[in-house]
Amino acid sequence: MIKYLNLLKYEFKTILRDPVNLYMCIFPLIILALSSYVFPVILKSVESGQETAQKITMLLLLFIVLAFSGFLLAAMATFLLLEHKDESTLHTIAVTPVQASGYIRFKMAYLYFMSVISGIVVLWGTKVIAGQEYSLGGVSLFDHLSPAFILCYALVSSLFPPALALFQGAFARNKVEGFAFIKGTGILAMVPALMILDAFQGGMQYVLGIFPNFWAIKGTLLQLLPNSDSANLSTATYFLIGVAYNLFILFAAYRLFLRKAQY
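First residue of the sequence shown? That's 1107 in the numbering used here, and the numbers climb one at a time after it.
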């Protein structure tokens, strides 16, 4: 335990000196600024009376907020892992008491913690600052999000960024390849947005369930905008499936990264 506390102290000391760590800290504020000040302007640009257009626009913007509150943290974590690869620092860490596997577990736990904070800051901050801007029929969708629900969402959705970072770090051999993987997975991260289309309502929604971020986002969108679709599960069930699925992928990604790194 002491060795991990020492690593944590080192991470805190390098936050202001390391641009990547510093950006991980301010990134939630950037997303919060978009969701609180930029997206409401987009919503106001939709003509009043066009309820369908307003609903689709709002759902799409909410999806962007939910999907990217942790996605870019995964991208930055990927660059940190690839930096270790490029500089062969994992070879040095492998002979320390922490060992490479322990160090990777620590970094992923650190990323998970940062992702949880990011999710809470973005959702709670948007609710407080601009919750009334996300309204349909005069009712704010954010009225359905309690502090406990926001915490649950953050805990579930934050399992995805560490798994994504490990997969990208495993397959990319350097930062150039890593950047290409990040661009590709950025597109994949948006695929579950198809859930707002009529074609992916009902049982067809579960086709998108192969994407790990689908479950937490679907549960949250259902909480924000309940509907009577008989194929829908409860929000709690979406979250539980999301936890199980993401933990499975996280474990697989961790083992794959260590094998690819030859430790």
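We put the CB at the ideal spot given by N, CA and C, even for glycine.
For ILE1293, the uninterrupted alpha helix (DSSP H) segment begins and ends at 1281-1296. Check the Cα spacing between PHE1317 and each of LEU1186, VAL1349, ALA1278: the tightest is with VAL1349.
Secondary structure at SER1207: helix, using DSSP grouped into helix, strand and coil. Excluding the 5 residues flanking it on each side, VAL1228 has same chain C-beta neighbours closer than 8 Å at PRO1134, ILE1137, LEU1138, SER1141, VAL1171, SER1175, in chain order. Counting C-beta pairs closer than 8 Å gives fewer than three between the stretch 1238-1258 and the stretch 1289-1302, which falls short of the contact rule.
By the criterion of a C-beta distance shorter than 6 Å, THR1232 is surrounded in its chain by SER1141, SER1142, once the five residues flanking it on both sides are discounted. For PRO1332 and ALA1215, the gap between their C-alpha atoms comes out near 33 Å. Taking the C-beta atoms as reference points, GLY1325 is found nearer than 8 Å to THR1341.
In the DSSP annotation of this structure, the continuous segment of the alpha helix (DSSP H) that includes ASN1352 starts and ends at 1341-1366. Excluding sequence positions up to five before and after LEU1217, its CB lies within less than 7 Å of the CB of LEU1179, ALA1183, PRO1267, PRO1268, ALA1271, all in the same chain and listed in chain order. DSSP, reduced to helix, strand and coil, places SER1263 within a helical segment of the structure shown. Of the other Cβ atoms in all chains shown, fewer than 16 fall within 10 Å of the Cβ of GLU1157; this residue is therefore exposed. The beta carbon of GLN1274 sits closer than 7 Å to those of THR1184, GLY1284, PHE1287, ILE1288, THR1291, all from its chain and outside the five residues before and after it, given in chain order. In this structure, ILE1323 keeps its C-beta atom at 8 Å or more from the C-beta atom of LEU1165.
The three-state reading of DSSP puts VAL1313 in helix, counting H, G and I together. In the displayed model, SER1246 falls within a strand according to three-state DSSP.
For SER1241, the secondary structure class from DSSP, reduced to helix, strand or coil, is strand. The C-alpha of LYS1191 lies about 8 Å from the C-alpha of ALA1367.
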